[in-house]
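A.B. asks: Numbering (my numbering), first residue to last: 1 to 273.
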Amino acid sequence: MSLLAEQRRDVIVEQVRARGAVRVSELAEHLGVSDMTVRRDLDVLARRRLVDKVHGGATAVGEHSTEEPGFTAKITRELEEKDAIAAAAAGLVEPGAAVGLSAGTTTWRLAHRLAAIPRLTVVTNSLAVADVLHAQGAESRGTTVILTGGVRTPSEALVGPVAVAALESLNLDLVFLGVHGMTAAAGFTTPNMTERDTNRALVDAGQKLVVVADHTKWGTVGISTIAELGEADVLVTDEGLAEADRAVLEGEVDRLIVAQPGHPGAGTTGGST
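#1: With a 10 Å radius around its C-beta and 16 neighbouring C-beta atoms as the bar for buried, classify A116 as buried or exposed.
#2: What residue ranges within the segment 181 to 242 form continuous beta strand (DSSP E) runs of no fewer than 3 residues, ordered along the chain?
#3: Could you tell me which residues DSSP pairs with D43 in its beta bridges?
#4: Buried or exposed, going by whether 16 or more other CB atoms sit within 10 Å of the CB of S34?
#5: Kindly list the residues whose CB is nearer than 8 angstroms to the CB of V13, restricted to its own chain and excluding five residues on each side of it in sequence; keep chain order.
#6: Inspect the beta-carbon positions of T124 and L110 and report whether they are closer than 8 angstroms.
#7: What does DSSP give as the partner residues of A98 in its beta bridges?
#8: Enumerate in chain order the residues of its own chain whose CB-to-CB distance from G137 is below 8 angstroms, with the five nearest sequence positions on each side excluded.
#9: Indicate whether A213 and V179 have their beta-carbon atoms separated by less than 8 angstroms.
#10: Report yes or no: do the segment 237 to 246 and the segment 203 to 210 share at least 3 C-beta pairs separated by less than 8 angstroms?
#11: What separation, rounded to the nearest whole angstrom, lies between the Cα atoms of A86 and T198?
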């Protein structure tokens with residue numbers, strides 16, 4: 001499958017989500033391709049759970065761009081994949097580093113790994129991340145945890161002007177960003193516009209950006225873009241991501257790491273260096 005095919009599928013997903021339901025003939029006319037090509041695209045998107053394929057077209061499935069699942073609702077989703085991503089991402093952190101962690105269940109899993117690395121300075125807007133580091137005894141290994149203030153969201157993030165102000169004066173070695181969704185057109189996105197501002201401030205505070213996102217995030221679009229795909233120095237995902245989607249990401253990010261569930265710390269890498 002070519003890059004053009006993936007761009008076309010992004011358009012189809014966006015059309016379906018915007019309108020709720022779209023006919024094959026309408027998509028074919030809009031994209032300038034045959035009905036058969038559209039049907040094949042819908043088959044691929046349906047397998048990825050991005051649309052529901054129905055007779056003559058497709059309907060929307062899943063969450064809308066402004067819907068924000070709660071932390072407890074997401075905590076058991078793709079758990080094996082998130083653990084593998086966390087193991088691979090932790091391998092990028094050296095003792096003594098200053099790191100930032102956004103809120104999210106993948107960064108929460110990463111916090112369990114970072115607790116074992118000594119002398120870190122961890123800046124986070126996540127109550128759950130801070131709790132894990134404390135519970136795992138990170139302070140006894142010389143780690144300092146800095147929790148931003150702010151208003152609490154359903155995803156257990158602290159956001160708003162207080163959080164942004166706390167981040168604006170910081171200089172971090174690495175920032176680990178969890179995202180709601182990612183596409184070639186929209187980049188890395190969130191369903192919460194206020195959280196976007198806080199995450200953007202966190203991204204700007206880091207010398208290096210590492211995005212941690214499992215394969216289900218591909219094709220999902222939140223209402224607000226945090227960063228373009230090309231801003232990521234590293235993207236850590238799992239082997240559930242389709243080869244064609246990997247090709248798109250390898251063309252955008254500096255380095256793609258594909259972690260393998262069931263093999264902690266293992267993974268394959270691709271992309272430019």
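Glycine included, each C-beta is placed from N, C-alpha and C at the ideal position.
C.D. replies: To lay it out plainly:
#1: Taking all protein chains shown into account, A116 has fewer than 16 neighbouring C-beta atoms within 10 Å of its C-beta and is therefore exposed.
#2: As far as the segment 181 to 242 is concerned, its whole beta strand (DSSP E) runs of at least 3 residues are 181 to 183, 187 to 190, 206 to 212, 224 to 227 and 234 to 238.
#3: Partner(s): none; D43 has no beta bridge.
#4: The residue is exposed, with fewer than 16 neighbouring Cβ atoms inside 10 Å.
#5: Within the same chain, and ignoring the five residues on either side of V13 in sequence, the residues whose Cβ sits closer than 8 angstroms to its Cβ are L45, L50, V51, T183, G219 and V221.
#6: In this structure, L110 does not lie closer than 8 angstroms to T124 by Cβ.
#7: Partner(s): T121.
#8: Same-chain partners within the cutoff: A115.
#9: When the beta-carbon positions are compared, A213 and V179 come within less than 8 angstroms of each other.
#10: Contact fails: fewer than three Cβ-Cβ distances are below 8 angstroms.
#11: A direct Cα-to-Cα measurement between A86 and T198 gives close to 22 angstroms.
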